[in-house]
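Number of protein chains: 2
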Amino acid sequence: MEKDKTVSNTTIRRLTKYYRYIEELNSKNVKIVSSYTLGKMMGISPSLIRQDFNAIGEFGRQGHGYQLDTLKQEIGNFLGLNKVHNMIVIGAGNLGQTLANYDGFDKVGFPIKALFDINPKLIGMKINGVEIIDLDNLKSFIKNNNIDIGILCVRKHCVQEMTDILVDAGIKGIWNFSATDINVPDDVKVENVNFSNSLFTLSYLMNDKYNLA
Amino acid sequence: MEKDKTVSNTTIRRLTKYYRYIEELNSKNVKIVSSYTLGKMMGISPSLIRQDFNAIGEFGRQGHGYQLDTLKQEIGNFLGLNKVHNMIVIGAGNLGQTLANYDGFDKVGFPIKALFDINPKLIGMKINGVEIIDLDNLKSFIKNNNIDIGILCVRKHCVQEMTDILVDAGIKGIWNFSATDINVPDDVKVENVNFSNSLFTLSYLMNDKYNLA
DNA sequence: TAGATTGTTAATCGATTAACAATC
DNA sequence: TAGATTGTTAATCGATTAACAATC
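In order, the protein sequence lines correspond to chains A and B. Per the working numbering, the first sequence runs over residues 43 to 255. Per the working numbering, the second sequence runs over residues 43 to 255.
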C-alpha cells in the first residue's frame, strides 16, 4: 500500500541474513543492537546496514541503536514472513523426503502439506507425517489447501513439464532444487537452489591460480 | 601462472551457469554459439556475456561466435573443474545421506568418499556404497584420502565445533549446508547453501506489496 | 567481398562507503 | 549536558550496457 521505492536484490538477500542474526540475538535475550555491533558480527559495514534498514523503514533510535523486536517485526513484515505459506513438494525422492523430514520450515511458517509423485510404490506413504500423493491430484490439492509454494525436486528431463503443471494449477512461487532453470510466466516467482552453481563456485575459490598473492 | 586481473564474484556465478548451458548445448551436439543466442537462452545481455568471457581469456571468433568445446574447456579450467575434488560429508542425517545418494557430483569430478557421524547406530552403514565412519577417524581419513572439501550437514549447535575439526584436519574448502554461518581462517574457502535465506527471498518475491504495478 | 559477431573502450547505471548533521 | 548512534546526502567504487572498430 505504501509507495515503496524498489529495494535491490542484494539488499533483500542481506535482509534475510539480518533476520537470522536477529533471531539468534533474540534467543540470547539481547534487546537492542547497533549497526556497528551487528556489522562486526556479520562482516558487513555499519553504513550498509543502516542503508538497508532505511530502505524498508525507519525504526532506529539515534544514540541507542535498533530495538531487536521492532527490527525483527519490520524485516519479517517486509519479507512476508508474517503469514503462513503452505508448501508442497514435487518429487518424493531422496531430496524431497529430506525436505519433508526437516521441521525447520514449519517452525517459521512454511509447512509442507504434501509430497507428489508418480511412482505407485511411494504413493500413500507418509514422511514425517506428510503424505505422498499421486500427481494427478495436484491441481485440486493446491486449490483446496491454499498452497502458495511448490518445491521442485525432480530430475532434469521432467522439470519443465512439472513446472507447467504447477503453473497451470495456479501456484504462486516455485522453489527450484532441480538441476535446470525453468520458464514461468511473470506472475509466478522462482527461487533457484542450484547445487552445481554453488559447488563450482567453491571449486573456483579453492583454485590455486586464484589464490596467488 | 598468468597474471589474472581479479574476476568479480558476479562474473564467477555467471560462469558456473554458462558452464551448465554449454554442457546442455554440447549434449544436443551444437558446436558453436554466439553471445546473442546464449544471451537469449539465459536471459543475460550479449554484451555482458562477452565481458565475462573476456575476463578469463580470449577465445571467440569474430563473425562466428564461440566454439563450445573451447568454451567449456576454458571455463572449466578457470573454475578448477579439470581436476578431481574428493569430498566427505560431516553429519550422516537425512541431508547428508541424500547428498551421498546423488551421483551427479561424482559425475562431474566431485566424488563423496565417506560420511562422518558420532551416532554409533549409523557408523559402519553404507549409503550408495559410501561408508559412514566415526568422527574420531576424520583427521587421518582426510590426510590419507586426499580430501579437499568437507560438506557440513550438522545441526546448528555443533556447526562451529565441526568446522574447527575440519579446519584442524587441514580441509581446504567447506560446503556449508547448515543453518548458521561459520568462522574459518582466510586460507579455508567457504560456500554457503542457506535454505532459510533462499526461502525468505522467495517469500519476499511473492509478497503483494512488492507486486504492485 | 559482405555480413556477422567478437573484443574493447566509453558511458551509464547502481551499489557501497564516507561523512556528518540531527537527535535520542 | 555529553556521548553515542542513527538517518541521509555526497563521494566513490564497481558492474552493466552501449557503441563501434577490428576481423573472421
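Glycine is no exception: its CB is placed at the ideal position from the N, C-alpha and C atoms.
Sorted by chain position, which residues of the same chain lie with C-beta nearer than 6 Å to residue i's C-beta, five sequence neighbours on each side aside?
i	result
residue 99 of chain B	116
residue 234 of chain B	218
residue 126 of chain A	151
residue 119 of chain B	none
residue 46 of chain B	Note that residue 46 of chain B scores 49 on pLDDT, short of 50, meaning its location in the model is unreliable and no value can be drawn from it.
residue 14 of chain A	The requested residue 14 of chain A does not occur in the structure, where chain A is confined to residues 43 to 255.
residue 101 of chain B	112, 116
residue 114 of chain A	64
Name the DSSP beta bridge partners of residue i, please?
i	result
residue 249 of chain A	DSSP, once it has assigned bridges, lists no residue as partnering residue 249 of chain A.
residue 157 of chain A	A:131, A:174
residue 102 of chain B	B:108
residue 193 of chain A	A:131, A:217
residue 169 of chain A	A:172
residue 233 of chain A	A:217
residue 75 of chain B	B:108
Give the residues of chain B in contact with residue i, contact being defined as C-beta atoms less than 7 Å apart.
i	result
residue 62 of chain A	238
residue 55 of chain A	239, 243
residue 152 of chain A	241
residue 172 of chain A	What residue 172 of chain A touches in chain B: nothing, since even the nearest Cβ is about 13 Å away.
residue 140 of chain A	136, 137, 140
With DSSP run on the structure shown, which of helix, strand or coil describes residue i?
i	result
residue 52 of chain B	helix
residue 225 of chain B	coil
residue 109 of chain B	strand
residue 86 of chain A	coil
residue 96 of chain B	helix
residue 243 of chain A	helix
residue 123 of chain A	coil
residue 188 of chain A	coil
residue 60 of chain B	helix
residue 198 of chain B	helix
residue 164 of chain A	coil
residue 147 of chain B	helix
residue 285 of chain B	In this structure chain B extends from 43 to 255, so residue 285 of chain B is not present and cannot be described.
residue 69 of chain B	helix
residue 211 of chain B	coil
residue 180 of chain B	helix
Report all residues from its chain with a CB closer than 7 Å to the CB of residue i; omit the five preceding and five following residues, and keep chain order.
i	result
residue 188 of chain A	128
residue 254 of chain B	For residue 254 of chain B, the predicted structure reports a pLDDT of 47, less than 50, and the residue's modelled location is therefore unreliable. The matter cannot be settled from this model.
residue 226 of chain A	205, 209, 216, 232
residue 201 of chain B	194, 220, 222, 224
residue 170 of chain B	142, 143
residue 44 of chain A	Confidence is the limiting factor: at residue 44 of chain A the pLDDT is only 39, short of 50, which leaves the residue's position unreliable, though a coordinate-based value still follows. There are no such residues.
residue 149 of chain B	none
residue 159 of chain B	133, 134, 165, 174, 177
residue 207 of chain B	180
residue 146 of chain A	none
residue 139 of chain B	169
So residue i contacts chain A; which residues on that side make the cut at Cβ distance below 8 Å?
i	result
residue 143 of chain B	136
residue 231 of chain B	244, 247, 248
Once the 5 residues before and after residue i are set aside, which same chain residues still bring their CB inside 8 Å of it?
i	result
residue 73 of chain B	109, 110, 111
residue 173 of chain A	156, 157, 166, 167
residue 94 of chain A	53, 56, 57, 60
residue 213 of chain B	184, 189, 190, 191, 192, 230
residue 85 of chain A	none
Could you work out which residues of chain A lie near residue i, taking near to mean beta carbons separated by less than 9 Å?
i	result
residue 221 of chain B	62, 146
residue 73 of chain B	Ordered by position in chain A, no residue passes the 9 Å Cβ test against residue 73 of chain B, which lies about 21 Å from the chain.
residue 215 of chain B	244, 245, 247, 248
Report the neighbours of residue i on chain A: residues whose CB is nearer than 7 Å to its CB, in chain order.
i	result
residue 123 of chain B	242, 245
residue 127 of chain B	245
residue 59 of chain B	239
Please compile the residues from chain B whose C-beta is within a distance smaller than 9 Å of the C-beta of residue i.
i	result
residue 199 of chain A	Simply none; closest approach about 12 Å.
residue 163 of chain A	Chain B residues near residue 163 of chain A: none, gap ~17 Å exceeds 9 Å.
Residue i: beta carbon under 7 Å from a heavy atom of the ligand ZN?
i	result
residue 171 of chain B	Ligands displayed in this structure: none; no statement on the ligand ZN is therefore possible.
Listing by chain order, which chain B residues have their CB less than 8 Å from the CB of residue i?
i	result
residue 190 of chain A	248
residue 14 of chain A	With chain A represented from 43 up to 255, any question about residue 14 of chain A goes unanswered, as that position is not in the structure.
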